[in-house]
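Asker:
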Amino acid sequence: MRTSEEQKNAIMENLPSALIHIMDREFRYVSNFGEGLQKAGRTNEMLVGKTIFEVLGPELGEIIAGYYRQVLEGKTVHYEASYEGQDYLIHAAPLRDEHGTITQILTFSLNITENLQTTQQLQAANLELQRLFEESNQLRLALLSVVEDQRLAQEKVQQLNRELEQRVWERTAQLEAANKELEAFA
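Heads up: the sequence shown begins at 204 in our numbering, then just goes up one per residue.
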């Protein structure tokens, strides 16, 4: 039992960026673990005996209490919350005694601040990439339009050259005929 308890404590104390809280039915902290606890500048001793309203403040405390009331009804809930500039993904579940009565609430909070920031940066990069793609597509279409205009202009020049050659040929033929008539007249 001692080894099992030590293993459980070692796991709970070393979960990266995680906070584990056990609360009673009045939302009072009973036990607190996890690496995230120290990162948040808290200790188990600082929290034990205090309610979520005392720790989180009345507004956030009331929002969180709404989730915990669902847990006291037997539901497991998942939600996100922000506290002191950090974002957390929280899983809250009921803890039951040997008779099945819900006596406590277990919460597992994972700090997702960096993940959210990375997601936001990726979304911004995707938007910029999409903008650049659309801009390059517009430039490609404009270039294709210029190339097509140039091709049409070349075809028009070739057509005009053919017409000019035809006219020159016809004029030359007319001049030759006129020269023959003049020679015959002379």
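A virtual CB, placed ideally from N, CA and C, is assigned to each residue, including glycine.
Between K242 and S220, what straight-line distance do the alpha-carbon atoms span, to the nearest angstrom?
Answerer: One C-alpha to the other measures close to 8 Å.
Asker: Counting Cβ pairs closer than 8 Å, one from the region 283 to 290 and one from the region 300 to 319, do we hit at least three?
Answerer: Yes, the region 283 to 290 is in contact with the region 300 to 319.
Asker: So, for I266: in the same chain, excluding its five sequence neighbours on each side, which residues have a beta-carbon less than 7 Å away from its beta-carbon?
Answerer: Closer than 7 Å at the Cβ level, and outside the excluded window around I266, lies no residue.
Asker: With DSSP run on the structure shown, which of helix, strand or coil describes A243?
Answerer: Residue state, collapsed to three classes: coil.
Asker: For L275, name the three-state secondary structure that DSSP assigns.
Answerer: Here L275 sits in helix by DSSP.
Asker: First and last residue of the beta strand (DSSP E) that includes L298?
Answerer: Taken as a continuous stretch (DSSP letters only), the beta strand (DSSP E) holding L298 covers 289 to 299.
Asker: Just to confirm, is the Cβ distance from L319 to I308 under 9 Å?
Answerer: Not a contact, by the Cβ cut-off of 9 Å.
Asker: What does a CB cutoff of less than 6 Å around T254 pick up in its chain, not counting 5 residues either side in sequence?
Answerer: Contacts found: F230, R231.
Asker: Please report the straight-line C-alpha distance between Y282 and I223, rounded to a whole angstrom.
Answerer: Answer to the nearest angstrom: the Cα atoms are 15 Å apart.
Asker: Could you tell me which of N212, M204, G269, A387 sits nearest to K228, measuring between CA atoms?
Answerer: The amino acid at residue 228 is misidentified as Lys; the sequence shows Arg. The shortest C-alpha separation from R228 is found at G269.
Asker: What residue range is occupied by the uninterrupted alpha helix (DSSP H) comprising F311?
Answerer: F311 -> not in any alpha helix (DSSP H); beta strand (DSSP E) instead, spanning 305 to 314.
Asker: Express the C-alpha separation of S339 and R245 in angstroms, rounding to a whole number.
Answerer: Approximately 52 Å, taken between the alpha carbons.
Asker: Let me check one thing: in DSSP terms, what residues is F236 bridge-paired to?
Answerer: Paired residues: I223.
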